[in-house]
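First up is the structure itself, then whatever we jot down about it.
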Amino acid sequence: NSYSLTQDTWLNDFLSKPEFQQLITPIPMEYFDESLALYGLEKEIGFYRQAFKLIRENIFDCDDEQQDDVERAAMILYSKAHQRYIRTSSALQDVKSAFQNGNYGTCPRVNCHNQHMLPYGDSNDPGKSILRCYCPNCKKLYKMFQSKLEFYIDGCFFGPDLVGIFLLTYPEFAFQNKENEYVPKVYGFELYKNALIKQQFTLRKIE
705 NSYSLTQDTW
715 LNDFLSKPEF
725 QQLITPIPME
735 YFDESLALYG
745 LEKEIGFYRQ
755 AFKLIRENIF
765 DCDDEQQDDV
775 ERAAMILYSK
785 AHQRYIRTSS
795 ALQDVKSAFQ
805 NGNYGTCPRV
815 NCHNQHMLPY
825 GDSNDPGKSI
835 LRCYCPNCKK
845 LYKMFQSKLE
855 FYIDGCFFGP
865 DLVGIFLLTY
875 PEFAFQNKEN
885 EYVPKVYGFE
895 LYKNALIKQQ
905 FTLRKIE
């Protein structure tokens, strides 16, 4: 069975969630038509053809009992496509604007002075991680919007590579504000001054 949705599109409804409106970079429909953009995903995602048709044409090309499976497949397909799309030059500019606007949150660490953060997912695969944030100042990972549970989305929308790609593309944001870095002291003497050598882009996960 095949039928088209008569009101708003499935994709618009999917992306209308508050967390997506603030965090997700909308994918141009033309991107789905590029031959290499989604390469390999057909073998990874069940109901791929039906999911693609739902996203691209707003059509459920399946039996009624398969509709939930197709919707789940469409969600996975869009998340994997988004993960790839945000690595393109045009999408990175959108990520830069969102970063500068503080869309991904600010670092809770006092010495970072509300430094804007970047989105980070531990895994490229859906269902394996929750989206977190990386602070380019203290180089630590934090929960996304710690007081807003509704903003907890799957980390595969961004994956683990975006932070490195973004900071290599825009090295001006890969800084560490040493003037505000906390140095432990006892009676005025610094402790472990040269004990650790900090590497650029090192992700130090918090407990």
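Residue numbers (the numbering used here): 705 to 911.
For every residue, glycine included, the Cβ atom is placed at its ideal position computed from N, Cα and C.
Please read these numbers as outputs of a predicted model, since none were measured by experiment.
Can you give me the start and stop residues for the alpha helix (DSSP H) that K800 sits inside? Taking the sequence shown and counting its residues from 1, one reaches residue 800 at position 96. Its alpha helix (DSSP H) spans residues S793 to Q804.
Checklist entry - Between which two residues does the beta strand (DSSP E) carrying R836 extend? => result For this step, residue 836 is matched to residue 132 along the sequence shown. Per DSSP, R836 belongs to the beta strand (DSSP E) from R836 to Y838.
According to DSSP, residues forming a beta bridge with Y824: Along the sequence shown, one-based indexing puts residue 824 at 120. R836.
- Message: Short of 8 Å in beta carbon distance, which residues of its chain neighbour Y808, apart from the five on each side in sequence? Order them along the chain.
- Response: What you label residue 808 is simply residue 104 of the sequence shown in a count that begins at 1. Closer than 8 Å at the Cβ level, and outside the excluded window around Y808, lie L727, A802, H820, M821, L822, P823, C837 and M848.
Consult DSSP for L745 and reduce its assignment to one of helix, strand or coil. Here residue 745 refers to the residue found at position 41 when the sequence shown is read from its first residue. L745 falls in the helix class under three-state DSSP.
**Request:** Note down, in chain order, each residue of its chain lying with its Cβ closer than 8 Å to the Cβ of D829, except the 5 sequence neighbours on either side.
**Result:** Numbered from its first residue, the sequence shown carries residue 829 at position 125. Only C860 meet the Cβ criterion.
Does DSSP classify Y782 as helix, strand or coil?
In the sequence shown, residue 782 corresponds to position 78, counting from 1. Here Y782 sits in helix by DSSP.
| message | Going by the DSSP bridge assignment, what does T810 pair with across the sheet? | response | Counted from its first residue, the sequence shown places residue 810 at position 106. BP columns for T810 point to H820.
### Message
Nearest by alpha-carbon distance to I759: which of L719, E746 and A778 is it?
### Response
Stepping through the sequence shown from its first residue, residue 759 is reached at position 55. If we check each option's Cα against that of I759, A778 comes out closest.
How is D712 classed by DSSP in three states: helix, strand or coil? By one-based count along the sequence shown, residue 712 stands at place 8. Three-state result, D712: coil.
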